[in-house]
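Peer 1: So in our numbering, spot 52 of the sequence shown is number 1384, and the numbers just go up one at a time.
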Amino acid sequence: MALSFDQKIAIFEDSQYGMERYSIKPDKTNFRYKGKVIVREMYKGSTVAYVWGKDIAEFTDRYRVDERGWIHVHDFNEDEIRDLLVQVLAIQDKIGTGE
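#1: Is Glu1373 near Tyr1382, with beta carbons less than 7 Å apart?
#2: Would you identify the three-state DSSP class for Arg1414, choosing helix, strand or coil?
#3: Which residues mark the beginning and the end of the beta strand (DSSP E) in which Lys1368 is found?
#4: Measure the C-alpha to C-alpha separation of Lys1426 and Asp1359 and round it to an integer number of angstroms.
#5: Can you tell which of Asp1346, Ser1347 and Asn1362 has the C-alpha that lies nearest to the C-alpha of Arg1353?
#6: I'd like to confirm the pairing. Which residues does DSSP put opposite Phe1363 in its beta bridges?
#7: Going by DSSP, name the residue or residues bridged to Ile1403.
#8: Just mark Lys1340 as buried or exposed, buried being the case when its beta carbon has 16 or more other beta carbons within 10 Å.
#9: If you follow the alpha helix (DSSP H) that Gln1339 is part of, which residue opens it and which one closes it?
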């Protein structure tokens, strides 16, 4: 079963990741890390969320990255999301946050 909006928010707000939560619409939440959008398209009441994956695709084929460069984490469990975040943020630290 997919994690709820609130469960995913709790993961993304975990201070160990250092991401900043912000709203782009009253019901739409994104997270950024050092200026780079890392999590997007989270809507209250929905389990949909995308994590930036374009850079990680250069290092592993473990994740399915869409044509926009995002990984749809709808069906990921907590450990899978946390593992992905650790990898994505480590890559961002290594290569910088320029798009």
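By construction, the Cβ of each residue, glycine as well, lies at the ideal position given by its N, Cα and C atoms.
Peer 2: On the basis of the data shown:
#1: As a working mapping, residue 1373 is identified with position 41 in the sequence shown. As a working mapping, residue 1382 is identified with position 50 in the sequence shown. Going by beta carbons, Glu1373 and Tyr1382 fall inside the 7 Å limit.
#2: Counting from 1 along the sequence shown, the entry for residue 1414 is found at position 82. Per DSSP, reduced to three states, the secondary structure at Arg1414 is helical.
#3: To locate residue 1368, count along the sequence shown from 1; it is residue 36. Following the DSSP letters along the chain, one finds Lys1368 inside the beta strand (DSSP E) bounded by residues Lys1368 to Tyr1375.
#4: Position 94 of the sequence shown, counted from the start, is the residue given in the question as residue 1426. Position 27 of the sequence shown, counted from the start, is the residue given in the question as residue 1359. About 32 Å.
#5: Translated into the one-based positions of the sequence shown, residue 1353 becomes position 21. Among Asp1346, Ser1347 and Asn1362, the Cα nearest to that of Arg1353 is on Asn1362.
#6: Counting from one through the sequence shown, the residue named residue 1363 turns up at place 31. Paired residue(s): Arg1353 and Val1371.
#7: Counting from one through the sequence shown, the residue named residue 1403 turns up at place 71. Ile1403 is bridged by DSSP to Val1383 and Val1397.
#8: The residue labelled residue 1340 in the question sits at position 8 within the sequence shown. Around the beta carbon of Lys1340, 16 or more other beta carbons lie within 10 angstroms, which makes this residue buried.
#9: Taking the first residue of the sequence shown as 1, we reach residue 1339 at position 7. Phe1337 to Phe1344 is the span of the alpha helix (DSSP H), which, as asked, contains Gln1339.
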